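To start, the structure itself, in structure tokens.
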Amino acid sequence: MDQTESFEAERPRLVTIASRVLGDHAEAEDIVQQAWLRLHGTDAEIENLPGWLTTVTTRLCLDRLRSRTPVPVEEVDPPETSADPADDVALADTVGLALHVVLDRLSPRERVAFVLHDSFGFEFPTIATVLDTTPVAARKLASRARAKVSQPRPEDRLADWEVVDAFMAAAKNGEFERLLRLLAPDATVGADEAAVLAGTPSRIEGRDEVATFFSGSAQAALPVFVEDRPGTAWFHLGEAKVVFDFTVADGLVRAITFRAAPDLLATVVRRDGGEPRT
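Read in numbering that gives the first Met the number 0, the sequence shown has 9 at position 10, and its numbers run on one by one without any break.
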């Protein structure tokens with residue numbers, strides 16, 4: 000396998016890492032392309048290509064994070080405790096979409112250490128190499144980040160429209176686990192008579208059932224205002240046909256009601272700047 004083939008084999012993994020660190024898929028693609036240019040331009044003999052690419056990609060992510068926060072963040076070492084929080088069960092897949100909000104207030108080094116360790120299981124000596132520090136310092140960075148993530152501030156809670164849009168993005172992408180994290184355990188789906196006649200289910204109960212129904216679906220749905228609330232609607236030929244009316248509480252989707260009454264559809268206004276129903 001030549002260098003190009005080896006890189007392409009690693010590309011999906013590198014994009015995944017960069018996406019999680021940066022929270023932006025487009026930026027991640029750009030970073031990985033920069034890593035390819037670095038690889039193409041180096042004359043050094045590389046013994047471990049996956050490790051080299053991981054280090055280069057993550058350092059490029061670190062530079063990108065630092066460019067977002069030009070004012071240095073003071074890093075004060077946390078007090079030593081008997082149990083290092085960074086050794087607990089990983090939080091990254093259990094704290095929900097609000098994690099991305101909290102990550103934005105971590106220092107770049109904290110963010111990298113936390114994501115590499117908690118999301119991808121990298122050992123601290125490896126993280127230390129990426130951050131050009133010691134394993135002990137890398138462990139402390141992850142510990143400090145975990146403390147912030149595990150105790151988010153009230154203002155870190157996602158707004159209702161962010162929950163709705165995150166839910167619909169996960170639905171369209173078929174991200175079942177992400178849907179589960181956005182749904183309340185007793186989440187339900189209901190429908191008005193007009194929506195049932197249009198082909199929607201009349202009732203779905205339970206988080207797993209609701210996530211199963213939505214996973215991979217709603218490709219034609221667009222963000223709208225349902226009266227004064229954020230919602231989505233299924234459009235056909237430029238017209239809203241069925242509105243998805245969300246009930247959100249404490250950052251979770253509690254209920255979704257399919258509504259297709261003509262008087263409601265006539266009031267639909269798109270939130271993405273598109274034209275209202277004509």
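We put the CB at the ideal spot given by N, CA and C, even for glycine. Remember, it's a predicted structure, so these values are computed and weren't measured experimentally.
Evaluate S201 with the Cβ neighbour count: other Cβ atoms within 10 Å of its Cβ, from every protein chain shown; 16 or more gives buried, anything less gives exposed.
Along the sequence shown, read from residue 1 onward, the residue named residue 201 stands at position 202. Here S201 is exposed. Its C-beta has fewer than 16 other C-beta atoms within 10 Å.
Under the rule that 16 or more other beta-carbon atoms within 10 Å means buried, what is R120, buried or exposed?
What you label residue 120 is simply residue 121 of the sequence shown in a count that begins at 1. Looking at the sequence itself, residue 120 is Gly, so the reference to Arg does not match. When all chains shown are included, G120 counts as exposed.
Measure how close the beta-carbons of V242 and A186 come, nearest whole angstrom, since I'm counting them as under 8 Å.
Taking the sequence shown and counting its residues from 1, the one referred to as residue 242 is at position 243. Taking the sequence shown and counting its residues from 1, the one referred to as residue 186 is at position 187. Not a contact, Cβ separation roughly 18 Å.
Could you say if the segment 20 to 37 and the segment 121 to 137 meet the contact criterion of at least three C-beta pairs nearer than 8 Å?
no
Mapping the DSSP letters down to three states, classify P200 as helix, strand or coil.
Numbered from 1 along the sequence shown, position 201 holds the residue referred to as residue 200. Note: P200 maps to coil in three-state DSSP.
Output the residue ranges of the alpha helix (DSSP H) runs that lie fully inside the segment 4 to 62 and measure 4 residues or longer, sorted by chain position.
24 to 40
Evaluate E238 with the Cβ neighbour count: other Cβ atoms within 10 Å of its Cβ, from every protein chain shown; 16 or more gives buried, anything less gives exposed.
In the sequence shown, residue 238 corresponds to position 239, counting from 1. Exposed, because fewer than 16 other Cβ atoms sit within 10 Å of the Cβ of E238.
Are the Cβ atoms of F245 and T199 separated by less than 7 Å?
The sequence position of residue 245 within the sequence shown is 246, counting from 1. The sequence position of residue 199 within the sequence shown is 200, counting from 1. No, the pair does not count as a contact, with Cβ atoms beyond the cut-off.
Given L48, which residues of its chain have a CB within under 6 Å of its CB, disregarding the five upstream and five downstream residues?
The sequence position of residue 48 within the sequence shown is 49, counting from 1. Excluding sequence neighbours, L48 sits near S5.
Within 10 angstroms of its Cβ, does P107 collect 16 or more other Cβ (buried), or is it exposed?
By 1-based counting over the sequence shown, the position of residue 107 is 108. Label assigned to P107: buried.
Distance CB(D159)-CB(V247) smaller than 7 Å:
Here residue 159 refers to the residue found at position 160 when the sequence shown is read from its first residue. Here residue 247 refers to the residue found at position 248 when the sequence shown is read from its first residue. Yes, Cβ-Cβ distance for D159 and V247 is below 7 Å.
First and last residue of the beta strand (DSSP E) that includes A239?
Walking along the sequence shown from the start, residue 239 turns up at place 240. Looking at the DSSP string, the run of the beta strand (DSSP E) that includes A239 is 238 to 248.
Which same chain residues, not among the five before or five after A217, have their C-beta less than 8 Å away from its C-beta?
Taking the first residue of the sequence shown as 1, we reach residue 217 at position 218. M167, A170, K171, T231, W233, F243, listed in sequence order.
C-beta atoms of A146 and F113 nearer than 7 Å
Here residue 146 refers to the residue found at position 147 when the sequence shown is read from its first residue. Here residue 113 refers to the residue found at position 114 when the sequence shown is read from its first residue. No, the pair does not count as a contact, with Cβ atoms beyond the cut-off.
Please specify which runs of the alpha helix (DSSP H), each continuous and at least 4 residues long, are wholly inside the segment 178 to 236, giving them in chain order.
192 to 196, 206 to 213
Any chance the CB of R138 is under 6 Å from a heavy atom of the ligand HEM?
By its list of ligands, the structure shown contains no ligand whatsoever, and the ligand HEM lies outside what it can speak to.
With V162 and L179 assumed to form a contact (beta carbons below 8 Å), what rounded beta-carbon distance in angstroms separates them?
Taking the sequence shown and counting its residues from 1, the one referred to as residue 162 is at position 163. Taking the sequence shown and counting its residues from 1, the one referred to as residue 179 is at position 180. With 8 Å as the limit, V162 and L179 do not qualify as a contact, their Cβ atoms being about 14 Å apart.
Buried or exposed (CB count within 10 angstroms, at least 16 for buried), R110
Reading the sequence shown from its first residue, position 111 is the one you call residue 110. By the neighbour-count rule (16 or more Cβ atoms within 10 Å), R110 is buried.
Under 7 Å, do L130 and A137 count as touching if we go by C-beta distance?
For this step, residue 130 is matched to residue 131 along the sequence shown. For this step, residue 137 is matched to residue 138 along the sequence shown. Cβ distance < 7 Å, so L130 and A137 count as in contact.
Would A193 and A265 be called neighbours here (beta carbons separated by less than 7 Å)?
As a working note, residue 193 is residue 194 in the sequence shown. As a working note, residue 265 is residue 266 in the sequence shown. In this structure, A265 does not lie closer than 7 Å to A193 by Cβ.
How many Å lie between W51 and V20 at the Cα?
In the sequence shown, counting from the first residue as 1, residue 51 sits at position 52. In the sequence shown, counting from the first residue as 1, residue 20 sits at position 21. Going by the C-alpha atoms only, they are around 17 Å apart.
Look up I255 in the DSSP assignment and give the residues it is bridged to.
Taking the sequence shown and counting its residues from 1, one reaches residue 255 at position 256. Beta-bridge pairing links I255 to V188, F245.
Which class does V268 belong to by DSSP, given the choice of helix, strand or coil?
In the sequence shown, residue 268 corresponds to position 269, counting from 1. Strand at V268.
How many angstroms separate the CA atom of R206 from the CA atom of G173?
What you label residue 206 is simply residue 207 of the sequence shown in a count that begins at 1. What you label residue 173 is simply residue 174 of the sequence shown in a count that begins at 1. Rounded to the nearest angstrom, the two C-alpha atoms are 15 Å apart.
Would the beta-carbon of V188 fall within 7 Å of that of I255?
Working through the sequence shown from its first residue, we reach residue 188 at position 189. Working through the sequence shown from its first residue, we reach residue 255 at position 256. A contact, by the Cβ cut-off of 7 Å.
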